[in-house]
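Structure first, commentary second.
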Amino acid sequence: ELQDVISNLPLFPYMDITVAPLCRHPSSIHEDDR
444 ELQDVISNLP LFPYMDITVA PLCRHPSSIH EDDR
């Protein structure tokens, strides 16, 4: 859903977008991930 919203922006072809997780996934087995 987020990809659809971002890809419809007029300047999307010129944008360099990085999406970072805000929190750790509950089922993650790694201790050092977000």
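Going by our numbering, the first residue of the sequence shown is number 444, and it counts up by one from there. Glycine is no exception: its CB is placed at the ideal position from the N, C-alpha and C atoms. Because the structure is a prediction, the values reported are computed rather than measured.
- Message: Could you give the first and the last residue of the continuous alpha helix (DSSP H) run that contains S450?
- Response: L445 to S450
- Task: Determine the direct distance from the alpha carbon of D475 to that of C466, and round the result to whole angstroms.
- Result: 11 Å
- Message: Can you tell me whether P456 is helix, strand or coil according to DSSP?
- Response: helix
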